[in-house]
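Enquirer: Structure provided below as structure tokens; questions to follow.
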Amino acid sequence: MLRGLAALLIAVATVLAATGCSGKDAVAQGGTFDFVSPGGKTDIYYDPPESRGTVGNLSGPDLMNDGKTIGLKDFPNQVVVINLWGNWCGPCHGEADDLEQVYQATKHLGVAFLGINVRDYQKDEARDFVVNEKITFPSIYDPSMSTLVNLGRNFPTSVIPTTLVLDRQHRVAAVFLKALLASDLQPVVERVAKEPQASQ
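Written out as structure tokens, the structure is:
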């Protein structure tokens with residue numbers, strides 16, 4: 008009887024420890040962004056700027072450069088456009104040239120782009136995507152999607168492609184849960200890039 012009770016308590020403790028890894032502290036990862044999509048919208052804007060939440064310390068292996076890590080800390084005081092993509096995702100191929108076009112058109116404004124490659128367990132295939140689509144901005148290689156916990160509570164990681172626009176303080180200004188055209192994205196990026204900077 009006592010042996011059975013001890014086994015039960017160990018099992019419960021194991022479950023609690025496992026679920027603790029996906030609790031509030033793990034999800035926040037240093038950020039304050041809490042994803043909300045009113046009415047199931049796919050284009051979501053967070054304004055005014057002071058109401059925005061920050062994402063966590065997002066970083067991971069650089070897809071194209073073995074042994075190198077890349078993340079948000081590499082883009083201080085820059086607007087950062089984060090794009091979740093996969094080689095297996097048809098719409099990701101469809102929007103790739105639009106994303107590159109907006110990147111080239113806005114980088115002089117202090118805008119950086121950072122891809123996150125997900126669910127591509129063959130790195131060579133993910134690299135082929137970058138080469139074939141002529142993408143010049145970097146991507147984190149994250150087949151297991153483990154870095155996405157840093158995007159905030161309730162973030163819908165099942166929706167690929169997804170694009171986030173972060174302001175210069177790396178607060179979330181906009182989220183697009185769909186493939187984008189340059190005409191969808193560029194005006195938003197330019198608007199966020201031109202926002203007055205908060206005093207430090």
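Quick note: the sequence shown uses the working numbering, first residue 8, plus one each step. Cβ atoms here follow ideal geometry from the backbone N, Cα and C, with glycine treated the same way.
So, A103 versus I142, is the Cβ gap smaller than 8 Å?
Expert: Yes. Within cutoff.
Enquirer: So, using beta-carbon positions, are A267 and Q85 closer together than 8 Å?
Expert: The chain is shown from 8 up to 207; residue 267 falls before or after that span and cannot be answered.
Enquirer: Candidates T164, Q176, Q108: which alpha carbon is nearest N124's?
Expert: Measuring from the Cα of N124, the nearest candidate turns out to be T164.
Enquirer: Is DSSP giving Y128 helix, strand or coil here?
Expert: Coil, per DSSP.
Enquirer: May I ask you to report which of helix, strand or coil DSSP gives F42?
Expert: Note: F42 maps to coil in three-state DSSP.
Enquirer: Considering just the uninterrupted stretch of the alpha helix (DSSP H) at D69, what are its terminal residues?
Expert: Counting along the chain, D69 falls outside any alpha helix (DSSP H), and DSSP gives it neither H nor E.
Enquirer: Look at L116 and V87 and say whether their C-beta atoms are less than 8 Å apart.
Expert: No; because the gap between Cβ atoms is not below 8 Å, this pair is not in contact.
Enquirer: Hey, would you say V214 sits closer than 8 Å to Y53, going by beta carbons?
Expert: Residue coverage of the chain in this structure runs from 8 to 207, which leaves residue 214 outside it and unanswerable.
Enquirer: Would you identify the three-state DSSP class for N90, choosing helix, strand or coil?
Expert: If DSSP states are grouped into helix, strand and coil, N90 belongs with the strands.
Enquirer: Residues in the same chain with beta-carbon distance under 6 Å from S44, minus the five sequence neighbours each way, listed in chain order, please.
Expert: Only I51 meet the Cβ criterion.
Enquirer: Alpha helix (DSSP H) containing V105: first to last residue?
Expert: Here the sequence assigns Asp to residue 105, which means Val is not the residue at that position. Its alpha helix (DSSP H) spans residues 97-113.
Enquirer: What is the DSSP secondary structure of A119, counted as helix, strand or coil?
Expert: Looking at A119 - three-state DSSP - the assignment turns out to be strand.
Enquirer: Apart from the five residues on each side of it in sequence, which residues of its chain come closer than 7 Å, Cβ to Cβ, to A133?
Expert: Closer than 7 Å at the Cβ level, and outside the excluded window around A133, lie L70, N94, N124, D127, Y148.
Enquirer: Mind checking P194: buried by the 16 CB within 10 Å criterion, or exposed?
Expert: Answer is exposed; the Cβ neighbour count stays below 16.
Enquirer: Throw me the rounded Cβ distance for the P98 and P145 pair, which I believe falls under 8 Å.
Expert: With 8 Å as the limit, P98 and P145 do not qualify as a contact, their Cβ atoms being about 21 Å apart.
Enquirer: Are the CB atoms of G219 and G67 nearer to each other than 8 Å?
Expert: Not covered by the structure: residue 219. The range shown for the chain is 8 to 207.
Enquirer: Does any C-beta atom of chain D lie closer than 8 Å to the C-beta of L91?
Expert: This model lacks chain D altogether; it includes just one protein chain.
Enquirer: Considering only residues of the same chain and omitting the five flanking positions on each side of S190, which have a CB-CB separation below 6 Å?
Expert: Nothing listed; no residue qualifies.
Enquirer: Who are the near neighbours of T49 in its chain, counting only those whose CB is closer than 6 Å to its CB and skipping five residues on each side?
Expert: So the qualifying residues of the chain are L184, K185.
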